[in-house]
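Before any comments, here is the structure.
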Amino acid sequence: MLALARQQNVLVSGKSGIGKTFAAAFLIRETLLNDAEGKALVLVSGAAKTTEVFNLLTRLCSAKVVVASESSEHLWRDASYSKRECAHAKVLCVSPAIASNLFHLGHLSYANVALIVVEDTEEMFTTAATFTATLASKYTKQPRHTRPKLFAMVSKTLSELDLPTSSNPLYPLVSAFCITQPTFRKRATIAPIIVETFQYEATNYTGTVGHPVEFLRGANALHCNAEALFASLLALGSNGSTNSQYDVMIESRCKQFADAAETVLEQLGLWCFLKYIELELRHELDEALLSQNDRRLDAHSINLLTTSDEAPSVISAASDMSDHADVKSTRSFLDWIVTQQQTEHGGLQATHSRLKKAADLVGAYMENAASHGGRCWIFMQRRAHTRVVAEYMTACFPSYPPCCSLQGGSQASIAGQAAATNGALKAVDVEALFNDGRNPVLVSTALSTEVDQIALCGLVISMDEVVDPHKLLDFRQRAHPDHGVFKYIIADTPLDFEKYRALFTKMATLLSLDNGHGGNDQETLDQAVMPRLKQRYGSHHHGGHGGRTKYELYHADVKAKMTLDNSIALLTAFCHTLPGIKIYDNRPLYVIKRHLVGRHHDSRKRFRSTSNNYDDDADNHRKFLYSASLKLPSMLRVKHVLLTPKVVSAKQAKCMAAYKAVELLLKRGFLDRSFKSKLLINRNFIPQESVDEDMELETQNSYDIPAATAVEMGLAPIKSKFAQDTDQAVMYLYGLGGMPYGILVHMSTHPKQVTLPRAELVLALQFHVMLMRLICYGVDAAANHRDDDVEAAFSSKNDKGYIVVPVLLGGDEERVDIDWAELHNLMQTALLRPAWPLPTTPHGLAIDEWIFVSNRRRDVAYVVQGITPVLVGDVARRVVANNQYWSYTIQRAKSAPGVPILGRWYTKDALLKSTPEQPLVHGIEIPAAVPLIRYVHEQGTSPLEYGHLKERLLIPDQTSILSLRKSQYFEALRLLPLLFEFERKCQLSTLMFAVGRDIHVKYLEQATTKPAYERLEMLGDCFLKLESTWWLYQNRPDIKSEGTLSMLRGDMIRNDRLCKLSMDKMLHHYMIYPADFEQRPFRTWIPSCMGRTPDAVIAHLKWIADVLESTCGAYIEGAGEVAGRAWTGCSVCETPQVYNRTYFPHCLPQPVPAQVDPETPRDLATWDLTHLGYDDIPERMYLLQTSLKYNFKDKRLLL
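In structure tokens:
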């Protein structure tokens, strides 16, 4: 139906229920998109049916829709009311009588109506014959190019209508089609999906805020360092803790604050950038003031182990911290930020066009759905954006209730409310408010737990780009299938439409499989998805588009065309024609910049998968956008760098940069209209001596440092043992200095050889996976994956060639054997067993060997300090007797040494339902292993600090006991820094073997660790400068200028070249960044044979180049200058070359032959300039003349 209606005026015949009105609504959408000034008129016979049609139109159309229903039909008789409604609406759903009145009053005209939809043509002709005749008469009198489209519907068949003899005047204006009805009517199982597009608007906030990070660090009108204030508020709110753990936390939070602010400015706009700063600073300010009140409480007055049943007195909210200098500065800065949000440059219009499009959709839907109370759900990619977008929507529509947002982890907020109020809100509270319609707009990310508690909505919007079809299907299923719609926002570009078509096809396949059709009955893409290009000359194009894309240049006179496909080749061909003087680098330098915008979450995909196979690491789960910068050769005198916007691929960004460069060269006269160089006398001839095989010089601003594998460690992967035909595997067992654990590895230096049958190797590997998950991720990860297929429990890239097994220690520490009894015992018993009733000491473990794990929070373990005399029933009686005891005493309590508090995860109902006879158990939280690894990184230079360990009171019947003893668990925790150090030594040993030099391991460790390499970097930098200077002195005697030599030396050892050499020598595979591990534990490093491949560390180009210099320094320090010279591949002679030729007569120049004709020829090609010693003098003279934009008659001036 849509395909027919896009081409001509149609009359669609078919019974009710086949989708005629649905197709008309889609046609209205497309017509209004193509004609921004036009309106759509929907004629419905009878006011009773208008409400049904109105609901469908508001569901699919993203414009203001007005209706003359039974309750409002009398209002349309008023001229002022009807004029106001017609002025604000884009779609009018009225009866023929009201439409006749609107045409009569002049509120509607055929000039501003782009589409007329007739709901039932036969019924309208029967009830309003005069209006039908007038409509047809006026329609035929209009010029053809200004006539609106007609989409008429009728429920009768064409044979019943008898069109040749019918007197209906509309039938001659349309082409009739009959749509056959299916054998049965399917109920809608999923909401329709509609693409909404937006046009990119050029935004430049440099004049307002400059660089966002510099703005936060003081480059603003107040010269206020917001980042320092943020760190100060974090320190004030940390209860005075000053250990290194809190310092790392504050540093990490400040980095997240700056990075998120930069992303908000880039993806959402200036207003959201200012609002994000305001929200974050205000939240931390309130937290700091609240923590000051909490510190004034006496810890012993809230000790649950005491017998006092009285709650402490409530302390006044006044705090001495209000007079703190940083608090005052924060409040002044917040007042200024709020003022900036109301200025012309920082107002609501200073936002990204994608966000404006989402606001338009929300506004139109809320205005249309005001009568029946619709709800709208907006999905985002980043959690930091959800609250800011909710604030923006609330500011755009102040007449509607405020928007709410979910940030994950039970965090929720309502826009416009104070931080203290939002702090008391939970996700369940916001879900209830949204489901009830009291807060009808919700902004969230792709939540996994909260999503099932939220009712289906009328409008669901995916504001950010989606790359996973599973996620797109999940979003779409959040819309009600009967009266809801899902809208997906993309940019109005051909590339985005192509990506959407591919994504839609994958989603349709998944939907067909879920419905049990086996992929044979797939949904089709009915919506016309094509970019709405601006039309030239104001002509109307139906069913197609004219004009050219943005990156296309066509010269019709010479039939030359430039697009993104050939832009790189054109620029390369021009650079080939530049004078090859072998001094300047005449290659274009491309720098590809990567912008991390998120990760490809595939939770739904994992849940649907039948296996837990981690060997899918070929698909990089990080998502990048790419931009390119291009530096043209310096001889062209183009000083500025050409920049491109962010796109989805590096190739596209590079093509766009080359396109801009060719455009610039064309404007400056270096190219003709055929895009060929003007620097050559023979345009089709390229001198071979100027052709460089590696013409394009491309680099990136950052590269990935991959996680260590068995290759870099010089070990054989464990999975290779399973691939062998034999049933037995030969391994080697190493002890770990008296620990009850050893390492099985295929490296026979001087260990004990162990022959393992396949079943024992599988059992040992299962133990290793369980133990590593336990100490890295917690009890929950280890308990949930014990029965998995062990060969599929980790990726091949994370198979580093070693596993950990329990060992029996003999008298000699070197004589160790695998403890098979302990291994079988741990693998055959449950990892967790119920803690209530408490085990007796003679038959079980000693109390100080117990490790308790809460059933509701299994990622944290607690060492039992003792069983308290306080019963659960005693605390429950206090809660029942005093209403404030739970809300104030228990929840406001702070743990202190020797003063435990009730676990935060317990609820009031859980406490009251517990067995009253059981005692509370005093436990101390086991710290994470990150401080241990930091201690190893810093080589013991700083004390090992864990900070204040949390002490909790545990309820036994809601707790489990770990099968490992405390001593076993603590010994397992000690494995992590040892395994990390073992991997590093294997890596450095492989590096040392690859280069063939015996360098002290401490130098290689420093050279490949950031930022420990800086001293060696200085040494290596000086060495490379000396070597490159000497090479130039030896090999380029034709260059006399010191400035030219210095410039050429700088070009030889610039960062991009050093980075390329460093990556050629695989140095980036041996680099580590300890600070990244502390900020993101177990994301960039995990032990061998567990889980997915760790994330690669994103390293800047200069860091990789610096490691080459520091490695040179390590070689000079460890093996001398000759070794460093040989390893880097410098071609400088070992002994300086001596010029032993006689000075005379070689110092005299060759005699210049006399010129035969004193008249200077005008054609440079006829000049004989070989005696000057340069072959490219004519090309250089043409280049000079083109640069000066002046045609010299006397070419001697150019010479």
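Quick note: the sequence shown uses full-length UniProt numbering, first residue 1, plus one each step.
C-beta atoms are modelled at their ideal positions from N, C-alpha and C, and glycine is treated no differently.
In the DSSP assignment, SER159 falls within the unbroken alpha helix (DSSP H) covering 158-161. Relative to GLN199, the option among ARG476, PRO494 and VAL248 whose CA is nearest is PRO494. Note on THR140: under 16 other CB atoms within 10 angstroms of its CB, so exposed under the neighbour-count rule. Note that the region 949-960 does not touch the region 710-723; fewer than 3 beta-carbon pairs, one per stretch, sit closer than 8 Å.
Straight-line spacing of the CA atoms in ALA972 and GLY873 works out to 37 Å.
Under DSSP, ARG594 forms a beta bridge with TYR626.
For the pair GLU367 and LYS64, the Cα-to-Cα distance works out to about 7 Å. Sixteen is the threshold: since fewer than 16 other Cβ atoms of the shown chains lie within 10 Å of the Cβ of GLU214, the residue is exposed. The beta carbons of ALA68 and ILE98 sit closer together than 8 Å. With respect to ILE414, PRO398 sits apart: the two C-beta atoms are not nearer than 8 Å. Within the region 710-775, complete beta strand (DSSP E) segments of at least 3 residues are found at 728-735, 741-745 and 752-757, given in chain order. Cβ-Cβ distances below 8 Å link MET380 to THR386, VAL389, VAL443, SER444, THR445, MET463 and ASP464 in the same chain, with the five nearest sequence neighbours on each side left out; the list follows chain order. Taking C-beta separations shorter than 8 Å and ignoring five residues to either side along the sequence, the partners of GLU85 in its chain run VAL66, TRP76 and LEU92, following chain order.
PHE230 is a Cβ neighbour of GLU284, given a cutoff of 8 Å.
Remark: fewer than three beta-carbon pairs, one from each stretch, lie closer than 8 Å, so the region 1099-1112 and the region 728-746 are not flagged as touching.
Here TYR365 is buried. Its C-beta has 16 or more other C-beta atoms within 10 Å. Annotation: TRP1030 is outside any beta strand (DSSP E); the continuous alpha helix (DSSP H) that includes it extends over 1014-1035.
Between the alpha carbons of GLN1006 and TRP1030 lies a distance of about 28 Å.
In the structure shown, MET463 adopts coil according to DSSP, grouped into three states.
In the displayed model, ILE1104 falls within a helix according to three-state DSSP. Taking a C-beta distance under 8 Å as the contact criterion, VAL591 and THR699 qualify as a contact pair. The Cβ-Cβ distance between ALA658 and LEU697 does not fall below 8 Å. Around the CB of SER967, fewer than 16 other CB atoms lie within 10 Å, so the residue is classed as exposed.
Residue pairing by DSSP places PRO469 in no beta bridge whatsoever. DSSP, read as helix, strand or coil, puts ASP909 in helix.
VAL174 is positioned such that its CB atom lies no closer than 8 Å to that of GLU119.
GLU698 is bridged by DSSP to TYR590.
In chain order, SER13 and LEU158 place their CB closer than 6 Å to the CB of CYS178, counting only its own chain and leaving out the 5 sequence neighbours on each side. Residue range 861-871 is occupied by the beta strand (DSSP E) that includes VAL870.
Assignment of TRP1085 by DSSP, reduced to helix, strand and coil, places it in the coil class. Just measuring C-alpha positions, the residue of LYS752, PRO143 and VAL117 sitting nearest THR132 is VAL117. Judged by their CB atoms, ASN798 and PRO1094 are nearer to each other than the 8 Å cut-off. ARG501 counts as exposed, since fewer than 16 other beta carbons sit within 10 angstroms of its beta carbon. Only residues of its own chain outside the window of five on either side were considered, and among them CYS655 have a CB closer than 8 Å to the CB of ASP565, listed in chain order. In the structure shown, the three-state DSSP call for ARG984 is helix. Between TYR551 and GLN349, the alpha-carbon positions lie close to 28 Å from each other.
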